[in-house]
DNA sequence: CTGAAAGCGCTTACAG
DNA sequence: CTGAAAGCGCTTACAG
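Residue numbers (full-length UniProt numbering), protein chains in the order written: chain V, 1 to 364; chain X, 1 to 364.
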């Protein structure tokens, strides 16, 4: 079925059908109506390949998926892919997955681009030394990243979750629940995401008039036994009703194991807050920070729709501004996580045992 | 850049370039060589939209992703999507993700199909009462399912993991490690996947000359506290060196908690085997059955390549045969999981503390 | 506001 | 084995 069938059914020419689809304002209301009726009757949908060929754009974006997709970022990216996919129809676009060889990353991007199957890319897992942003910029290819472009603070075109604000929210929640001291279990220095989250811990303490001495922060790589050992060091200093905020749910799992090893009660004696609100958090009744993937996906589509990278701006090293204030589309979005509160941060048995409570972080 | 540019560079006509791409056997070796050289020099890739339009096929398949993607199947499907994506180039195809509204599922499939963006679909999460296979069959649309088509044993076109063989492998492993009794912690009766896995437990026991009395099997829904309680019931009957095989890693996590609650040592006193080899399994040193996603993806692509559903065959109710033995492409694949062995099933501290051991299930 | 023409980049018969 | 022609289903200027 083609546009010609619709034209016949509606009693107009094929060009009029095309206009009804692409430039409806050019048509008489009555004509438009007739065409739409015919389209609905026939269940017509334009052939996308023909549109792509003629328009010389695909309205599609490549989304890299990674076979070694284990580890922390993997799961979050899967969720982000789902939300990007769900929001795609609102932007008359779609996503094509691809899996470049990791030792020929740019070649994989180049190849997909060469087929004309996509106009640009969605990048996840941005990292130090990431070769993709510079290459794409050079090629003039539109893209959006999920995660700040850490090496290039002068670039826009990213969406990210404000881990710092999130962790601060976790600290404030714990203090409000009556835990007297709040410690930090994070990753070793040097990971941009981890350092950002750790800063949120300090923010939360100082904003509440607490002081943080160095003994209240320990670090561990993303490994359960190390995390457990690190948390045990923390417990010795955490007299009275203390709590631990963690950079990830896995680290939080280590904290929980340490608490059990010391015959303490999770929540009642020691509070714990994790990050990412994974299945594990739900299974363990662990309070955890949840990344707002749907808003992030919507922001990412807006950035893609706003087209190419705008001129690099700002002083390198300075924080990218969230709002240019000039009426143009915002090309960065820093979104606050929400806190999913469960028994691990409730000193007394929670009043709402089954209901899940969510509290929105304010980004004042 | 188009085929015309390549033709100019190679000093042939554009049709010859097209032939070099599509019917290389028609060309003189020398000519072919020249064209390939030009293609490489220019980094040419054919425009896919033009190919799709002319060939009247997309060589693309829709992959449904689900916003409520939490839960057990979600993660496995994410991994399957990745492997399908990685294998796609070998079949000159690609995947388009889409997220139909769940209360208008078929409409979502129909709509995507109508755009010509895809030729068919990859279905995950097959279930009782699934409306998709019948509809697709009716439409004559090619598809492959990840998971048997439980309601229609007469249909082929599926790949699945042999949970029954996998669990049997787990049982045999535990017995060989010296655990004297092996119990089952599974899901309530009635889920096809769960019932299949439970049958594997029985297989493993009877094949080794053990008998299974009903008290050695308990069930729990996919919830940690219920699983823990169920495992505790099991522990009372598991005198001596016993073990528990579980239908999922989450149930296994419940078993581990029960073991700790009873002051027993995981592995040393009580062995545990989970299913799916999730992050949690790795974090907890839990031996677990891993689904062979890469072979599954390859089999799925072969099925897609073999085209449409072959005539329904076999007697409904009889098990689908794995091999027609007639030289035709196999349109079903039942793949054995592998066992990732960790400390939870090793009575003595493992000899290879860091190395991960994998044992392949035989499907005799 | 509506209709006839050209063309997006390919592939596939069809003559030579 | 190679070259000229038609056409996949659209959109976009361009006359009327």
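The beta carbon of each residue, even a glycine, is placed where N, CA and C say it ideally should be.
Excluding sequence positions up to five before and after residue 2 of chain X, its CB lies less than 6 Å from no other CB in the same chain.
Between residue 96 of chain X and chain V, the shortest Cβ-Cβ separation is below 8 Å. For residue 288 of chain X, there is no enclosing alpha helix (DSSP H); the enclosing beta strand (DSSP E) has its first and last residue at 287-290.
Chain V places a beta carbon closer than 8 Å to that of residue 52 of chain X, counting this residue as a contact. For the options X:97, X:172 and X:45, the alpha carbon positioned closest to that of residue 107 of chain V is the one of X:45. Cβ-Cβ distances below 7 Å link residue 175 of chain X to 182 and 208 in the same chain, with the five nearest sequence neighbours on each side left out; the list follows chain order. With respect to the 8 Å criterion, residue 144 of chain V and residue 304 of chain V are classified as neighbours on the basis of their beta carbons.
Sixteen is the threshold: since fewer than 16 other Cβ atoms of the shown chains lie within 10 Å of the Cβ of residue 128 of chain X, the residue is exposed.
Residue 185 of chain X places its beta carbon less than 8 Å from that of residue 231 of chain X. In the DSSP secondary-structure assignment, residue 332 of chain V is bridged to V:158. Contact of residue 85 of chain V with chain X by beta-carbon distance below 8 Å involves 65, 97, 98 and 99. Taking C-beta atoms as the reference points, residue 286 of chain V and residue 224 of chain X fail to come closer than 8 Å.
Against chain V, a Cβ distance below 8 Å from residue 331 of chain X picks out nothing, because the smallest value is about 24 Å. The stretch 157-164 of chain V and the stretch 83-94 of chain V do not touch, with fewer than 3 CB-CB distances between them shorter than 8 Å.
In terms of beta-carbon proximity, residue 35 of chain X stays away from the interface with chain V, with every pair separated by 8 Å or more.
Counting only the Cα atoms, residue 124 of chain V lies some 28 Å from residue 202 of chain V. Closest in C-alpha terms to residue 58 of chain X, from the list V:18, V:38, V:115 and V:19, comes V:115. Going by beta carbons, residue 53 of chain X and residue 5 of chain X fall outside the 8 Å limit. Residue 173 of chain V has its alpha-carbon roughly 32 Å from the corresponding atom of residue 252 of chain X. The stretch 92-102 of chain V makes no contact with the stretch 131-149 of chain V: fewer than 3 CB pairs, one atom from each, lie closer than 8 Å. According to the DSSP secondary-structure assignment, residue 268 of chain V is paired through a beta bridge with no residue.
With a 10 Å radius around the Cβ and a threshold of 16 neighbouring Cβ atoms, residue 267 of chain V comes out buried. Our two residues, residue 345 of chain X and residue 240 of chain X, have alpha carbons roughly 15 Å apart in a direct line.
Along the stretch 107-121 of chain V, the positions whose C-beta sits under 9 Å from a C-beta of chain X are 110, 111, 112, 113, 114, 115, 116 and 117, read in chain order. Residue 104 of chain X has a beta carbon lying at 8 Å or more from every beta carbon in chain V. Secondary structure at residue 80 of chain X: helix, using DSSP grouped into helix, strand and coil.
For residue 341 of chain X and residue 281 of chain X, the gap between their C-alpha atoms comes out near 10 Å. Annotation: residue 299 of chain X to residue 81 of chain X spans about 13 Å, alpha carbon to alpha carbon. In this structure, the CA atom of residue 20 of chain X is about 10 Å from the CA atom of residue 28 of chain X.
For residue 41 of chain V, no chain X residue has a Cβ inside 9 Å of its Cβ, as the nearest lies near 14 Å away. Close to chain X, meaning a Cβ-Cβ distance shorter than 9 Å, are the following residues of the stretch 273-302 of chain V: 278, 279, 280, 282, 283, 284, 285 and 294.
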